[in-house]
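Chains as they are written, first to last, in the numbering used here: chain B, 1 to 475; chain V, 476 to 962.
Quick reminder that beta carbons are idealized off the backbone N, C-alpha and C, glycines included.
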């Protein structure tokens, strides 16, 4: 089949390139930064190139036969390419932002290596046709996440990095037990061969543990707010571009496309998602640390994505997928803005900030644009996605679910407005600060504008996501 | 070629001992480490050559003898190498090389004594790998054991002597049990050659004194469990590992306990006690206890080497589990895990040697942030630990996966699930150790520490390359094993 090279470039340029960065960095730090950005952009560009063929109905497929049903392979269907595009787009902006943010800290070689490896593992994961490969990339991302959260090396910080590692790896091990139980049932790890099988409840629950721990959904969410000790571009990467989306993607891949599920899960998963959305929205309302608030907001918004994907209607699923894109852009932007604020004021406590809009005008506008998108204010991208999700839930078998999420959406508006007003309006607390470096400011500006444009030109993304979901579910 | 390769396994160490002791003490000391390098490297090459020959001729094993006629009917012990013994012979060469590389920087004046004993211990381990009868097995077990007691106490310090004494006592008990069990088997079957005993035991329940055989089996399991350090027979192991000189810990942790305990156990199990569910089930339970106990106990340790010792108990549990599953897949998994464990555990002991040499301590509470000062050691220890915790794409993941699938298939899903879930404890002590030693802020009194240069770093780098390459190329290896008809 044509175009296999494209997938390989998309996966292996960041994956292998990552290991070159520390070597280059010893000689020329500037070149290392540019190479890092280049590797991630390569992933984005190749994903875009692969899109037409992925949507054409004959996706690119490469497979290697191995004994024992261990068959390895990569497969670029619409869902995979969409995820790859979303992640690498946001990741490119985050890497660019890092140029400004990270330049005064030690361990930069490790930082760029881990970031690019992280993105490479995400690319590998989305294209995998094999449960073992998914697990493999899943764990690589956990390692990267561990090093990145512990970037500042403080005792407490490393402890939290360990917590994140232990929780996600613990979940992943349970997931692997689930995978092996699927393997025992079907005799293969190959997703394409086991399509349409019904899996046992035990396997489903085990795999769900892995997904919920990675995507930080109640009750396995506690590591995510704690991971806020990482540098802001890293938290942005974790929350918006890569880590939590891995769980969501695997959920979509396995339970939307691949396995037949007992209908009871159409209610159970949305309820977990709903409780998670409400509880974490509540937490976001009382927190005073700007990064923790946005982190809880991530947990809460992931609930919407899970609801969309699991409620069992086509519109809901397409909305969930669309929200992955919109949330990535907006949440990435929010974290990067928080990074600029933290960088300038040297505090994360929103009670000690105020009136910063006067000193950080571009950041304030970008924060507002991203926040509106997450809140779901029309005509921002987030609005359409949230609308589709809630519409999907309302027309599903259990419409009362939609009520939960409407409450969640209202709470989102409240806590984001609270942060915005406290930080950017009122009395100026830090009169002598100035905007971040041009890389940082332009990054948040791009994300803010993209959140708005995503809403104004909603036709294109919504068409793509709907098309992807339709072609997946009609398989 | 084949004669040369096979004879080198037993002949070369003997030759090296002779060579080192006919020349003057001074010359001997000067050349000893280099002679050791040569022996270890030739052994690795010979093992690879033999593997290639096996596959070229499509044979399962090569029989050979050393100084006697192979066809003699009485008193002739045949030697034999098959894939499994070649893999472990390669491991012996590899770990001995790593130990020598470490010793070069750490052993001080005792190079001659150390190399002599290393050659003896290599002879013992190679013997265990190639013999085909129970009595010769016992002889080589003792050679290995005695050389290791002396090696542990090599520096003549109080701690080393204490560890050696503990090992000596436990090992003597184990030897008595093993010898007793062989004796009982001999009285009931009339032979000690693997194949003959296996035939005689095929319907052992009908033997005149079947209960005596059961006693023999129990003594066999207990004896080898002590030698292998399987929980709850592990008491001596952490002390011996901790108190030994750095390069000897590399050797003990990397290969000696695995040869004397695990390999010998597997060999006897596979060639003598063929298809005896009773023994397999006992080992399965012991393996599971070891996995969980070792990993949990490792989380509570405060010393770099003790953590590694307890993790050995846990990892050996996986090897035992794979064999006890009784299926071919489990056996292949166990063999691969044997190799992987030799690689990553040796790496870690080399790392602990580097840390000990550069900072003077292995107490993890006194260390911190060493990554900034010792990047090679830090990175290689991370790779080795991740491999041990079964994180893909490193080597340890694949062997563990095969073992767990084998247990799941042929015994029970619960056993496989427990073994897999116990990996979380492996991840836990990995994190504890990394946080206290390498990750985290640099302690003030360690700012002057530098990387252990030269051979120690070389050993760590080479072993890390093996771990990574074996993991990444595993699909190729799997395919290859499949083409050879093994899987």
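Taking Cβ to Cβ, would you say residue i is nearer than 8 Å to residue j?
{"i": "residue 836 (chain V)", "j": "residue 845 (chain V)", "result": "no"}
{"i": "residue 374 (chain B)", "j": "residue 334 (chain B)", "result": "yes"}
{"i": "residue 427 (chain B)", "j": "residue 355 (chain B)", "result": "yes"}
{"i": "residue 118 (chain B)", "j": "residue 906 (chain V)", "result": "no"}
{"i": "residue 488 (chain V)", "j": "residue 514 (chain V)", "result": "yes"}
{"i": "residue 207 (chain B)", "j": "residue 148 (chain B)", "result": "no"}
{"i": "residue 408 (chain B)", "j": "residue 316 (chain B)", "result": "no"}
{"i": "residue 784 (chain V)", "j": "residue 865 (chain V)", "result": "no"}
{"i": "residue 870 (chain V)", "j": "residue 815 (chain V)", "result": "yes"}
{"i": "residue 441 (chain B)", "j": "residue 345 (chain B)", "result": "no"}
{"i": "residue 7 (chain B)", "j": "residue 60 (chain B)", "result": "yes"}
{"i": "residue 32 (chain B)", "j": "residue 21 (chain B)", "result": "yes"}
{"i": "residue 827 (chain V)", "j": "residue 777 (chain V)", "result": "no"}
Please tell me whether residue i has its Cβ less than 8 Å away from any Cβ of chain V.
{"i": "residue 158 (chain B)", "result": "yes"}
{"i": "residue 23 (chain B)", "result": "no"}
{"i": "residue 519 (chain B)", "result": "Past the edges of chain B, shown from 1 to 475, lies residue 519 (chain B), and the structure says nothing about it."}
{"i": "residue 231 (chain B)", "result": "no"}
{"i": "residue 123 (chain B)", "result": "no"}
{"i": "residue 332 (chain B)", "result": "no"}
{"i": "residue 120 (chain B)", "result": "no"}
{"i": "residue 412 (chain B)", "result": "no"}
{"i": "residue 117 (chain B)", "result": "no"}
{"i": "residue 154 (chain B)", "result": "yes"}
{"i": "residue 126 (chain B)", "result": "no"}
Under 6 Å Cβ to Cβ from residue i, same chain only, skipping five residues before and after it: list those, please.
{"i": "residue 290 (chain B)", "result": "338, 348, 350"}
{"i": "residue 280 (chain B)", "result": "296, 299, 300"}
{"i": "residue 458 (chain B)", "result": "384"}
{"i": "residue 466 (chain B)", "result": "318"}
{"i": "residue 924 (chain V)", "result": "833, 834, 848"}
{"i": "residue 768 (chain V)", "result": "706"}
{"i": "residue 927 (chain V)", "result": "829, 832, 833"}
Chain B beta carbons: is any one of them nearer than 8 Å to that of residue i?
{"i": "residue 707 (chain V)", "result": "no"}
{"i": "residue 954 (chain V)", "result": "yes"}
{"i": "residue 884 (chain V)", "result": "yes"}
{"i": "residue 812 (chain V)", "result": "no"}
{"i": "residue 921 (chain V)", "result": "no"}
{"i": "residue 789 (chain V)", "result": "no"}
{"i": "residue 860 (chain V)", "result": "no"}
{"i": "residue 914 (chain V)", "result": "yes"}
{"i": "residue 898 (chain V)", "result": "yes"}
{"i": "residue 769 (chain V)", "result": "no"}
{"i": "residue 782 (chain V)", "result": "no"}
{"i": "residue 809 (chain V)", "result": "no"}
Assign residue i to buried or exposed, taking buried as 16 or more other Cβ atoms, counted over all protein chains shown, within 10 Å of its Cβ.
{"i": "residue 755 (chain V)", "result": "buried"}
{"i": "residue 1 (chain B)", "result": "Note that residue 1 (chain B) has pLDDT 48, beneath the 50 cutoff, so the model's placement of it is unreliable and the number below is only indicative. Label assigned to residue 1 (chain B): exposed."}
{"i": "residue 959 (chain V)", "result": "exposed"}
{"i": "residue 683 (chain V)", "result": "exposed"}
{"i": "residue 879 (chain V)", "result": "buried"}
{"i": "residue 456 (chain B)", "result": "exposed"}
{"i": "residue 223 (chain B)", "result": "buried"}
{"i": "residue 105 (chain B)", "result": "exposed"}
{"i": "residue 342 (chain B)", "result": "buried"}
{"i": "residue 19 (chain B)", "result": "exposed"}
What residues in its chain sit with their C-beta under 8 Å from that of residue i, if we drop five residues either side in the sequence?
{"i": "residue 479 (chain V)", "result": "521"}
{"i": "residue 692 (chain V)", "result": "656, 748, 751, 753, 754"}
{"i": "residue 956 (chain V)", "result": "807, 962"}
Apart from the five residues on each side of it in sequence, which residues of its chain come closer than 7 Å, Cβ to Cβ, to residue i?
{"i": "residue 723 (chain V)", "result": "626, 627, 629"}
{"i": "residue 612 (chain V)", "result": "603, 606, 739"}
Using 7 Å as the cut-off, classify the Cβ of residue i as near or not near the heavy atoms of the ligand SAH, replying yes or no.
{"i": "residue 307 (chain B)", "result": "The ligand SAH is not part of the structure shown, which contains no ligands of any sort."}
List, in chain order, every chain C residue whose beta-carbon is nearer than 8 Å to that of residue i.
{"i": "residue 67 (chain B)", "result": "Annotation note: the requested chain C is absent from the structure, which comprises protein chains B and V."}
Handout entry: alpha helix (DSSP H) runs contained entirely in the region 605-672 of chain V, provided each spans 4 or more residues
Key = 609-627, 633-664
Problem - Whole runs of the alpha helix (DSSP H) within the region 695-727 of chain V, excluding any shorter than 4 residues - result: 711-718, 721-726
Handout entry: alpha helix (DSSP H) segments (min. 4 residues) lying fully within the region 414-464 of chain B
Key = 438-456
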